[in-house]
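Numbering (the numbering used here), first residue to last: 96 to 634. Every residue, glycine too, gets a C-beta built ideally from N, C-alpha and C.
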């Protein structure tokens, strides 16, 4: 965001051509540069070693040691290396706009700076160093040359910051997010703690340890694939882990505790307080044969519900009745609106509210045919949509942000569909009427089959969901792509067996529905009581 697309495209093309041109000589240049940089860092490493030996027992000793440190950091040879490091990282933080053209460094120019063909004095260099100060670029090989010169740290302990993936760009900007996603590929936009795990592992010497506190999502989804999986593939061994434990002093926050060894570990492994034969990137001890793949047979059956983006679309039943009383045709654009909270909390799992849904109607059609709902959306939704970044959301303000036409086409022939709250404590599915608007916080399975329901409600699917899900606090986040589409439904069953499963699914769902009505508890509370050991499995 904020880049000039044409300029960015031109630089991308230029850099690609320059890389291809230099590819043949790249290996030799890399070897030469490594030797050059080692030689340049050698005096600084010696200075740091001497600094470590200086006494610091008195305030005077400390002042002298601090002065010596400042002197070392201002070495001219370190300035050159720091400038080269700043210049590389700064390219992510400079907007690709015409007014910044002079500050953008290309592949070829940077190679010339590296090899000494070009002296690091230019507008691009000045901007990079200024950004280095402003953004506080930190280059470990310059600030700890004596440590990294011997291979890295022996041990790093820490409690890295937890910042969710969606909050990263808001907190640090898109430039920072772009840099970490590039630097730590294949990790995409994940919790900040994942990048700390990767960086710290790189800083360890062979045979070193890192022991960190993390969010429990470190072993889930993209964080696992871009974090722990990469570390294990690079030769790391998880030697101690607590997969999930409450964080003292803050309600609902679950953390994981991990210790990782850089290399093959031959000692005793500890998992969740017990000795284990192995610890996988899922922070369990199961035999693993890779990660599950999305199955073609499951494609086109699971969907996220509608992303509405506008509180003004939602109305109560009395408002809906009033609109239809004034204009009976409003029934064509007013629908019951089911969300995850209704599904899990209401005794009869019915929608508590209604919603205005103009579907694919154009602006003039919506205004002329349904003036009452249209005027409400104009007043309550448009001001909010005018402030959003995405152009299509602003321009089509009277429609849902994501209308999900594929979902509603798939369920149109069905009277009922299977749904689950996207964020839920119990892995609990239910049948619901297909002729309503289903919220984005619901995952919808385009099936009315009690046999499919029986499979989804089984322990097999329960454990599959918890293993391959991500979590929010202590609740499961059910995602169609990683859970439903990867789940291997049994195939080749006899017709009699399938008929039996159909009966089981129907009986289970109806028994649970009647039980909820009898005890007047919603889905979550019903399962909580069912699994309460003090009650003994009886609500």
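Cβ contact (3+ pairs, closer than 8 angstroms) linking the segment 274–292 and the segment 247–264: The segment 274–292 is in contact with the segment 247–264.
Using 8 angstroms for Cβ pairs, my map puts residue 525 next to residue 514. What's the rounded Cβ distance? About 6 angstroms; that satisfies the 8 angstroms criterion.
Relative to the C-alpha of residue 238, which residue among 552, 144 and 511 is closest? If we check each option's Cα against that of residue 238, 144 comes out closest.
Could you tell me which residues DSSP pairs with residue 313 in its beta bridges? Here residue 313 is not bridged, per DSSP, to any residue.
Extent of the continuous alpha helix (DSSP H) run through residue 486: Judged by DSSP secondary structure, residue 486 falls within the alpha helix (DSSP H) whose first and last residues are 486–490.
If I measure Cβ to Cβ from residue 37 and keep anything under 7 angstroms in the same chain, skipping five residues before and after, which residues do I get? No answer is possible for residue 37: it lies beyond the span of the chain, which begins at 96 and ends at 634.
Three CB pairs or more closer than 8 angstroms across the segment 407–418 and the segment 469–477: A contact exists between the segment 407–418 and the segment 469–477.
Do you know whose CA, among 338, 389 and 255, lies nearest residue 569's CA? Nearest of 338, 389 and 255 to residue 569, Cα basis: 338.
By the 10 Å Cβ neighbour count, where 16 or more other Cβ atoms means buried, how is residue 173 classified, buried or exposed? It is buried - the Cβ of residue 173 has at least 16 other Cβ atoms within 10 Å.
To the nearest angstrom, report how far apart residue 426 and residue 419 are at their CA atoms. Going from the Cα of residue 426 to the Cα of residue 419 covers about 6 angstroms.
Residue 73 to residue 507, Cα distance in whole Å? Here the chain has residues from 96 to 634 only, and residue 73 is not among them.
Here's a check: name, in chain order, each residue in its chain whose Cβ is nearer than 6 angstroms to the Cβ of residue 306, leaving out the five neighbours to either side. These residues qualify, in order along the chain: 252 and 354.
Using the Cα positions of residue 619 and residue 520, report the straight-line distance between them to the nearest angstrom. C-alpha separation (whole angstroms): 7 angstroms.
What do you reckon, are the CB atoms on residue 421 and residue 475 nearer than 8 angstroms? Judged by beta-carbon spacing, residue 475 lies beyond the 8 angstroms limit of residue 421, meaning their Cβ atoms are not closer than that value.
Which residue's Cα is closest to the Cα of residue 222: 433, 536, 194 and 550? When only C-alpha atoms are compared, the closest one is 194.
Quick check: the Cα distance between residue 273 and residue 627, rounded to an integer number of angstroms? Near 46 angstroms, if we compare the C-alpha coordinates of residue 627 and residue 273.
For residue 306, the residue or residues it bridges with in DSSP: DSSP output for residue 306 lists 252 and 354 as bridge partner(s).
Which of the three DSSP states, helix, strand or coil, is assigned to residue 534? Residue 534 falls in the strand class under three-state DSSP.
Nearest-angstrom Cβ-Cβ length linking residue 226 and residue 197, presumed shorter than 8 angstroms: Residue 226 to residue 197, Cβ: 14 angstroms. No contact.
Burial state of residue 622 (16 or more Cβ within 10 Å): So residue 622 counts as buried.
To the nearest angstrom, how far is the alpha carbon of residue 111 from that of residue 446? C-alpha separation (whole angstroms): 54 angstroms.
Sorted by chain position, which residues of the same chain lie with C-beta nearer than 6 angstroms to residue 704's C-beta, five sequence neighbours on each side aside? Absent from the structure is residue 704, since the part of the chain shown begins at 96 and ends at 634.
Spatially closest choice to residue 559 from 591, 522, 625 and 534, by CA coordinates: Closest by alpha carbon: 522.
Within the segment 513–587, note down every full beta strand (DSSP E) run reaching 3 residues or more, in order along the chain. Complete beta strand (DSSP E) runs here, min 3: 525–528, 537–540, 565–567 and 570–572.
Give me the Cβ distance between residue 326 and residue 293, rounded to the nearest whole Å; I'm assuming they're in contact under 8 angstroms. Sure, about 7 angstroms apart at Cβ, within 8 angstroms.
If residue 200 and residue 182 are in contact, beta carbons under 8 angstroms, what's the gap, nearest whole angstrom? Their Cβ separation, rounded to whole angstroms, is 6 angstroms, which keeps residue 200 and residue 182 in contact under 8 angstroms.
Among residues of its own chain, excluding the 5 on either side of residue 633, which ones have a beta-carbon nearer than 6 angstroms to its beta-carbon? Low confidence applies here, because residue 633 scores a pLDDT of 49, under 50, leaving its location unreliable; read the following figure in that light. Nothing meets the Cβ criterion.
Which one of 283, 499, 368 and 571 has the shortest CA to CA distance from residue 402? Checked all of 283, 499, 368 and 571; the closest Cα to residue 402 is 499.
Straight-line gap, residue 368 to residue 205 (C-alpha atoms, nearest Å): Cα to Cα, the separation comes out at about 51 angstroms.
CA nearest to the CA of residue 573, picked from 539, 597 and 585: Taking only the C-alpha atoms, the option nearest residue 573 is 539.
Say the cut is 7 angstroms; is the CB of residue 600 nearer than that to a heavy atom of the ligand FAD? Only the bare structure without any ligand can be found here, which leaves the ligand FAD out of the picture.
Go through its chain and collect everything with a Cβ distance to residue 160's Cβ below 6 angstroms, but skip five positions before and after it. Taken in chain order, the residues that qualify are 149 and 151.
State the Cα-Cα distance for the pair residue 109 and residue 580, rounded to the nearest angstrom. Going by the C-alpha atoms only, they are around 40 angstroms apart.
Kindly indicate which residue of 485, 250 and 316 has the alpha-carbon position closest to the one of residue 295. The candidate whose alpha carbon is nearest that of residue 295 is 250.
Of the residues 267, 429, 480 and 375, the one placed nearest residue 187, counting alpha carbons only: Checking every option, the nearest Cα to that of residue 187 belongs to 267.
Using CA atoms only, rank isn't needed, just tell me which of 168, 364, 391 and 282 is closest to residue 380. Looking at the Cα atoms, 364 is the closest of the given residues.
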